[in-house]
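What follows is a short report on a single structure.
Numbering (this note's numbering), first residue to last: 40 to 270.
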C-alpha cells in the first residue's frame, strides 16, 4: 500500500505549508476542503487553485454548512463590525471562534481516512500564536485523536507539524521549503477574504503579517529556533 495522508486544507498560510511539506513526505495526498458558510468563501476557490498548482492527486470538497445554523460566530455571519483586532492574550474567546469546527473537521477527515485506509490526518493548527481558539491546542488534538481511534477501532494519527511554532517560525519553514513568496502571494488567511497581505486589520492578518515581518527582520535567529524545535 502506498504511504498516504489526508490533509485538511483551507488554502490559508498554515494548511498550505503543511500540504507542501506533506507532498514531499507521502506518496499520495488526499486534500479535504470544507465549506461551512464562512464569510470568506473565496478561500474555497483559492484552495482549489492552490491544489491544482501544487499537483495534488485528489482534492475533495465537503459542504458542512450546517455549522451556519449552529453558530453565531462573526466568521460565518455577514456582520463586518464583529471582526475583532486583538490578540486575546487574556484568554478570552474571540467572536470569530466557531464552536465545534475542528471537532467536526477532524471527525469527518478521520471518516474519510478510514474509507481510504489511510492512517494519517494532517491539520495546520498551532497553539503558540493561536487566536484564542481552544480547539487549536495540543491537548485538544491529543484527546480527539484518542477518542476517534477508540471509537472507530482504527489507528489514526493526527499530525500537527506547526503546533509548537510561532508565526515567524512558520514563515521560516515556508522559506526552508522554498515556497516563501508563493505562500505570501497565493494563500488567503484574511477574515475578510483578501489574498496575500489581506486587509491588514483583522486578527488573522495582524498575526500573519507581524510574523512575516519578524522573520524577515531576524532570519538567522528564527531559522535557528525553527531548527531547534523541529529536531
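Ideal Cβ positions, reconstructed from N, Cα and C, are used throughout, including at glycine. If you're wondering where the values come from, they're calculated on a predicted model, not measured in any experiment.
Below-8 Å beta-carbon distance, residue i vs any chain D residue
i, result
"residue 65", "Considering every chain present, this structure includes no chain D. It has just one protein chain."
Option nearest residue i by Cα separation, candidates the options
i, options, result
"residue 166", "157, 206, 99 and 144", "206"
"residue 252", "232, 208 and 231", "208"
"residue 247", "147, 48, 264 and 224", "224"
"residue 75", "63, 104 and 184", "104"
"residue 185", "142, 48, 232 and 233", "142"
"residue 149", "64, 94 and 71", "71"
"residue 146", "187, 49, 177 and 57", "187"
"residue 219", "267, 159, 59 and 49", "59"
"residue 133", "177, 230 and 178", "230"
"residue 102", "90, 144, 157 and 62", "144"
"residue 154", "270, 43 and 135", "43"
"residue 77", "87, 249 and 49", "49"
Assumed close pair residue i, residue j - CB separation to whole angstroms, cut-off 8 Å
i, j, result
"residue 92", "residue 228", "Their Cβ separation, rounded to whole angstroms, is 17 Å, which puts residue 92 and residue 228 out of contact at 8 Å."
"residue 226", "residue 55", "5 Å"
"residue 45", "residue 151", "6 Å"
"residue 85", "residue 234", "7 Å"
Separation of residue j from residue i, as counted between CA atoms
i, j, result
"residue 195", "residue 162", "13 Å"
"residue 83", "residue 257", "33 Å"
"residue 211", "residue 242", "21 Å"
"residue 262", "residue 216", "12 Å"
"residue 124", "residue 192", "Unreliable positioning characterises residue 124 in this predicted model, as indicated by a pLDDT of 45, which lies under 50. A coordinate reading is not provided."
"residue 117", "residue 259", "Unreliable positioning characterises residue 117 in this predicted model, as indicated by a pLDDT of 48, which lies under 50. The coordinate reading is nonetheless provided below. Residue 117 and residue 259: Cα-Cα distance of roughly 42 Å."
"residue 81", "residue 68", "23 Å"
"residue 172", "residue 201", "15 Å"
"residue 214", "residue 221", "10 Å"
"residue 158", "residue 232", "33 Å"
"residue 265", "residue 204", "7 Å"
"residue 255", "residue 181", "33 Å"
"residue 197", "residue 135", "24 Å"
"residue 87", "residue 237", "19 Å"
"residue 62", "residue 89", "13 Å"
"residue 176", "residue 240", "24 Å"
"residue 250", "residue 156", "37 Å"
Buried versus exposed call for residue i [16 or more other C-beta atoms within 10 Å across all chains shown]
i, result
"residue 174", "buried"
"residue 73", "buried"
"residue 139", "exposed"
"residue 100", "exposed"
"residue 66", "exposed"
"residue 293", "Only positions 40 to 270 of the chain appear in this structure, which leaves residue 293 out of reach."
"residue 97", "exposed"
"residue 270", "exposed"
"residue 94", "exposed"
"residue 178", "exposed"
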